[in-house]
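In our numbering, the protein residues as written are 5 to 607. We treat Cβ as the ideally placed atom computed from N, Cα and C, and that holds for glycine. It should be emphasised that the depicted structure is a prediction, and the values quoted were computed from it without experimental measurement.
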Amino acid sequence: MSVKIPEEKLAEIRNASDIVDVIGDYVQLKKNGRQYGGLCPFHDEKTPSFSVSEEKQVYHCFGCGAGGNVFTFLQDLEGWSFAKTVAHLAGKAKISLPQVVESNEYQVYEDTSKVDAMKKAHQLAASTYHSIFMFTEEGSPGRVYAQERYFTEAQIDHFKIGYALDEWETLAKVLEQNEFDLTIMEEAGLVAKRKSSGYYDLFRNRLIFPISDNNGDIVGFGGRIVGEGQPKYLNSPETPIYQKAKTLFHMFEARPIIRKKNKAYLFEGALDVMAAWKSGIENAVATLGTALSQDHAKLLRRNAEEIILCYDGDRAGREAIRKTIPVLENVGCQIQVCLLPDGYDPDDYVKEFGEEALKAYLEKELLSVMAFKMYDAKQTKNLQNEGERLKYIEDMLEAIAQLESIEQEHYLKQLSKEFNLSFQVLHQEMMRKERKTAPVRQQQQAERYGDTVKAHHTFQTARPIAAHIKAERMLLGYMLQDEEMIWRVTERLQDGFNIDEHQALYAYLISFVSQHPEKGIKEFIESLEDQKLAKLAAYLLMQDVKVECTDAELDDYIKKIEQYPKLLQIKEQQQAARLEQDPVLAAQKQMELIRKKRELLGK
């Protein structure tokens, strides 16, 4: 179905969608004067170059050139269409969208009713499971299991724990009674189709844990079997609203604490998170039946610098940590490792030692990445065997060679003491390995942090900005903030701007203001179909310009703009004069051109 959105509805959504709040869901923003700054979500960086203006409702990255408004941010970052972006922001602001309305300017070709139905159905399912668990006789197996696991009322309320009956059609009937299309509910992962006819519940005889997306909408469930049965844990399948590689359990609920502490605990499952939360570790999240993805890592890094990996200390747990560390390192996370004692998960640990003991363990029993590597390597080697001992030392020296100098010294001393070896000899061997691996590490760093910036480098340059370019940018910046400035410039500027992108933006701006005098800069940026011009406009709005441009300043900017083609002409004439065969005539021409240039510059 074709759905069209009127301008007044777009304006309502735009005004209700503060750019700092929206971008704050993706980037850990810190206020810096009148603007907010953080790490750019569009390229990998260690030093923040991303800036957001609450006053102007635009963003710009001074590293890669990304820029725009609240709509373009979501379109570029999520890869969404304009339609999906509008629907998302409308839902976030609790603004209803009409199914069919007429508009000449904006047309949406996506019907979001299926996604809405899936989310509403998940909300109904969560409410149904929770009610069964809390208030029904049939829900007693779930309550007994929760009591055996020492679940508290606070836990049950915070995680909205529910119970799926050991029956085939409980949820299917509820959904059907509420007029949900069961073919869509199958696609949503709530029911499955029988081979004969009809549908049955996907979750049966399980303690249920709702899974929320980054906006707090329930998009899936995790289920732990009550009693005997397989599989022990069951998670919702991939659906249009639930992608495992982009979703972390408890992320939405824990995000405020994670940001406040700048730290997140990463566990393997939902029950681990619940045990940690009960023990006072509220900034805990978990993957759900999948390895940590690049999207997971980016989501974590946008909200915290420090990530603590809390996995089992057995072979499988250590292997998972080995795979997870480089994924987190690639997005610039600081990593520590907390290995739970063999045979214990967080819930077991709480049962035996208590909540305070688990909290203390998670906060104090931490290993650096290097310390973990040393511990992990020892578990697979017999250090009494000379060959394996030497291989262990060699492997550790390679790992130490990649550390900062202070850490290198610390771990070299540790190796020296442990194996009674000369510190100097170990240091020399490490330096040899460091020289050998340096080109590779430098290339990796360039690919991660340097080349990305160079590839997107649009408006910034290391060289001084030419006077006419700076003047054009300043004037455009003033015009984008003050409509009166547009007409002040057009009255004085005779031939337009010298830079093609500046002239194009200037022409679009004049045309837009003439045709839509009632609209503002937000609408202007949205009207720019050329993304390069939209990014340029965002960049110009982020310039630090004074509230008002005086006539003297305006005249000076215009003078520099109009001088440039004349100076360029003089430069071309000087080059031609150098080719003059008569040296006397050549000198006369050069002197005349120097005089013209000085006169033009007022020197």
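In the structure shown, N239 adopts extended strand secondary structure according to DSSP, grouped into three states. Approximately 6 angstroms separates the beta-carbon atoms of A274 and A290; this is inside 8 angstroms, confirming the contact. Spanning the alpha carbons of P235 and G226 requires a straight line of approximately 12 angstroms. Residue pairing by DSSP places N36 opposite Q39 in a beta bridge. Under a 10 Å Cβ-count criterion, N73 is classified as buried, with 16 or more other Cβ atoms of the shown protein chains found around its own Cβ. Between G166 and P214, the C-beta spacing is below 9 angstroms.
Residue range M255 to K265 is occupied by the alpha helix (DSSP H) that includes P260. Looking at the DSSP output, K197 sits in a beta bridge with Y203. By the criterion of a C-beta distance shorter than 6 angstroms, V178 is surrounded in its chain by T132, once the five residues flanking it on both sides are discounted. Closest option to Q432, judged by alpha-carbon separation, among E422, E398, K421 and F423: E398. Distance from the CA atom of Q594 to the CA atom of Q578, rounded to whole angstroms, is 6 angstroms.
Where H64 is concerned, the enclosing beta strand (DSSP E) starts and stops at V62 to C65.
At a cut-off of 3 residues, not a single continuous stretch assigned as beta strand (DSSP E) sits fully inside the segment 472-560.
Annotated as distal: I245 and F137, with beta-carbon spacing of 9 angstroms or more. Distance from the CA atom of G67 to the CA atom of Y568, rounded to whole angstroms, is 28 angstroms. Between S372 and V341, the C-beta gap is smaller than 9 angstroms, which places the two residues in contact. Note on geometry: alpha-carbon atoms of R263 and N239 lie some 27 angstroms from one another.
Judged by DSSP in its simplified three-state form, L270 adopts strand.
CA-CA distance, C44 to E142, rounds to 51 angstroms. Contact annotation: L544 and L509 have beta-carbon atoms nearer than 9 angstroms. Within the segment 330-394, the complete beta strand (DSSP E) segments of 3 residues or longer fall at 338-344, listed in chain order. For S144, no beta strand (DSSP E) segment is defined; the enclosing uninterrupted segment is the alpha helix (DSSP H) at S144 to E152. Here V551 is exposed: its Cβ has fewer than 16 other Cβ atoms, across all protein chains shown, within 10 Å. For the 9 angstroms CB-CB criterion, A196 and D185 do not form a contact.
Contact between E530 and F139 does not hold, since the beta-carbon distance rounds to 49 angstroms and is not under 8 angstroms. Contact fails between the segment 85-105 and the segment 152-164, because fewer than three Cβ pairs, one in each stretch, are under 8 angstroms apart. Where Y133 is concerned, the enclosing alpha helix (DSSP H) starts and stops at S117 to F139. Linking E49 to T328 through their CA atoms gives a straight-line distance of about 20 angstroms.
Following the DSSP letters along the chain, one finds I312 inside the beta strand (DSSP E) bounded by residues E310 to D316. For the 9 angstroms CB-CB criterion, S420 and L407 do not form a contact. Under DSSP, the beta-bridge partners assigned to Y246 are T243.
Here DSSP, grouped into helix, strand and coil, assigns I469 to coil.
Secondary structure of L430 (DSSP, three-state): helix.
By a beta-carbon distance limit of 8 angstroms, A280 contacts A288. Their separation comes to about 4 angstroms. Excluding sequence positions up to five before and after I562, its CB lies within less than 6 angstroms of the CB of R496 and L497, all in the same chain and listed in chain order.
In the same chain as W172, and ignoring 5 residues on each side of it, the C-beta atoms closer than 8 angstroms to its own belong to Y204, D205 and R208, in chain order.
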